[in-house]
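> Per our numbering, the very first residue in the sequence shown carries number 3; after that it's consecutive.
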Amino acid sequence: MSNGKLGEFVYRLRGKTPLDRLVAEGLLSEEEALRAAKGSSTERRHTSAGRTLFLKHELMISRFHMLLEAACRDSGGKLVLKDWRQGSETWNTVRIIEGEEQRVLPHRPDAVFTLDEHSAPDGQKVSHFFYEADCGTMTAARMLDKLKAHLAFLLQGRHTDAYGFKRLRAVLIECPTLERAEQVRGWAFQVCPEEPLFWITVSSLLYSPGERSNKYETRVWMTVRDHEMLALSSAHQPRGVSGGLPKGDRSENTATKTKTLYNW
Numbered sequence: 003m004s005n006g007k008l009g010e011f012v013y014r015l016r017g018k019t020p021l022d023r024l025v026a027e028g029l030l031s032e033e034e035a036l037r038a039a040k041g042s043s044t045e046r047r048h049t050s051a052g053r054t055l056f057l058k059h060e061l062m063i064s065r066f067h068m069l070l071e072a073a074c075r076d077s078g079g080k081l082v083l084k085d086w087r088q089g090s091e092t093w094n095t096v097r098i099i100e101g102e103e104q105r106v107l108p109h110r111p112d113a114v115f116t117l118d119e120h121s122a123p124d125g126q127k128v129s130h131f132f133y134e135a136d137c138g139t140m141t142a143a144r145m146l147d148k149l150k151a152h153l154a155f156l157l158q159g160r161h162t163d164a165y166g167f168k169r170l171r172a173v174l175i176e177c178p179t180l181e182r183a184e185q186v187r188g189w190a191f192q193v194c195p196e197e198p199l200f201w202i203t204v205s206s207l208l209y210s211p212g213e214r215s216n217k218y219e220t221r222v223w224m225t226v227r228d229h230e231m232l233a234l235s236s237a238h239q240p241r242g243v244s245g246g247l248p249k250g251d252r253s254e255n256t257a258t259k260t261k262t263l264y265n266w
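(1) Can you have a look at Tyr13 and say buried or exposed, based on whether 16 or more other CB atoms are within 10 angstroms of its CB?
(2) Name the DSSP bridge partner or partners of Gln96?
(3) Assuming Leu70 and Leu208 are in contact, meaning their beta carbons sit under 8 angstroms apart, how far apart are those beta carbons, in whole angstroms?
(4) Checking the sheet assignment: what are the DSSP bridge partners for Leu55?
(5) May I ask you to report which of helix, strand or coil DSSP gives Arg171?
(6) Taking only the alpha-carbon atoms, compute the straight-line gap between Trp93 and Leu107 and give it to the nearest angstrom.
(7) Measure the alpha-carbon distance for Thr116 versus Ala142 and round it to whole angstroms.
(8) Below 6 angstroms CB to CB, which residues in the same chain sit around Lys84 once its five sequence neighbours on both sides are set aside?
(9) Between which two residues does the alpha helix (DSSP H) holding Leu180 run?
(10) Grab me the residues of Trp223's own chain with a C-beta within less than 8 angstroms of its C-beta, minus the 5 sequence neighbours each way, in chain order.
(11) Cutting at 8 angstroms between CB atoms, please list the residues of its own chain near Ser77, excluding the five before and the five after it.
(12) What is the rounded straight-line gap between the Cα of Val82 and the Cα of Cys74?
(13) Alpha carbon to alpha carbon, how far is Lys127 from Glu197? Give it in angstroms, no decimals.
(14) With DSSP collapsed to three states, give me the class of Lys84.
Here's what the structure looks like:
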């Protein structure tokens, strides 16, 4: 009862015993009971698989967050994780144009974070990153859309509007296997072949035993460029993508000349 009014309750029967009782009372045929039991079992399997994948994905994000925190702690104050955002804080959309087709894509990096490296040269102390935890289950079409959304978001200067910074260092993508990493690298090349916007690595490289404190300075990230491996440390590679398109031009066409938008 709510506000003096009768409410409606919906009960869902699970398991064989309640269904058997309904059959015995003549309220349900044996065929209907069998279908209900089979459907419930299938749903439980799908729900369990989805829950497991969700937890695996969240664990990847949390583990990477902990890796950064550990690197900052072990740096003796030279490295600081200034900002970390995840969840609904990173949810946006972006419009893209491909030929005559216009689409609105979700832009939802798994995390957006900022590192402050006190010992770096002036102008290179602060670095901003997007991070993606790839469990290896996303289809090629969905991953391509995700990568296109990242590129369009940057080309249109949306990262400045959403997060307040003008230059993104890279989009980091952690993959479960080397085979998957090479696959994602190929898709990244299709989306942005001219510049190393997307940095891709394998979980086993990030979390090798006994090397935790050095991961910030270790070259474990590969790009679309052949044989190029990068590290998060600013001392090991050029800078990143500066904010948006030239003044007055925020075209949604991802075919714009991207090379002029980077300051590597």
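Positions of the beta carbon are idealized from the N, C-alpha and C atoms, including for glycine.
So, to answer that:
(1) The residue labelled residue 13 in the question sits at position 11 within the sequence shown. Any reading at Tyr13 must be qualified, since the residue scores a pLDDT of 43, below 50, and its modelled position is unreliable; no value is offered.
(2) The residue labelled residue 96 in the question sits at position 94 within the sequence shown. Before going on, a small fix: residue 96 reads as Val here, not Gln. Its beta-bridge partners are Leu107.
(3) Here residue 70 corresponds to residue number 68 of the sequence shown, with the count starting at 1. Here residue 208 corresponds to residue number 206 of the sequence shown, with the count starting at 1. Going by Cβ atoms, the distance from Leu70 to Leu208 rounds to 11 angstroms, so no, they are not a contact pair.
(4) As a working note, residue 55 is residue 53 in the sequence shown. Note: Leu55 sits in no beta bridge, so no partner.
(5) On the sequence shown, residue 171 is found 169 positions in, with the first residue counted as 1. Residue state, collapsed to three classes: coil.
(6) Counting from 1 along the sequence shown, the entry for residue 93 is found at position 91. Counting from 1 along the sequence shown, the entry for residue 107 is found at position 105. So the two alpha carbons sit approximately 11 angstroms from each other.
(7) Here residue 116 is taken as the residue at index 114 of the sequence shown, counted from 1. Here residue 142 is taken as the residue at index 140 of the sequence shown, counted from 1. Their Cα atoms are separated by approximately 29 angstroms.
(8) Looking up residue 84 in the sequence shown gives position 82. Here the set comprises Thr116, Asp118.
(9) Residue mapping note: residue 180 aligns to position 178 of the sequence shown, counting from 1. For Leu180, the uninterrupted alpha helix (DSSP H) segment begins and ends at 180 to 193.
(10) In the sequence shown, counting from the first residue as 1, residue 223 sits at position 221. Excluding positions up to five away in sequence, the list reads Ala172, Leu174, Trp201, Ile202, Thr203, Met231, Leu232, Ala233, Leu234.
(11) Residue mapping note: residue 77 aligns to position 75 of the sequence shown, counting from 1. The residues are Tyr218.
(12) Position 80 of the sequence shown, counted from the start, is the residue given in the question as residue 82. Position 72 of the sequence shown, counted from the start, is the residue given in the question as residue 74. Rounded to the nearest whole angstrom, the CA to CA distance from Val82 to Cys74 is 5 angstroms.
(13) Residue mapping note: residue 197 aligns to position 195 of the sequence shown, counting from 1. Residue mapping note: residue 127 aligns to position 125 of the sequence shown, counting from 1. If I take the Cα positions, the gap works out to 22 angstroms.
(14) Working through the sequence shown from its first residue, we reach residue 84 at position 82. It is a strand residue.
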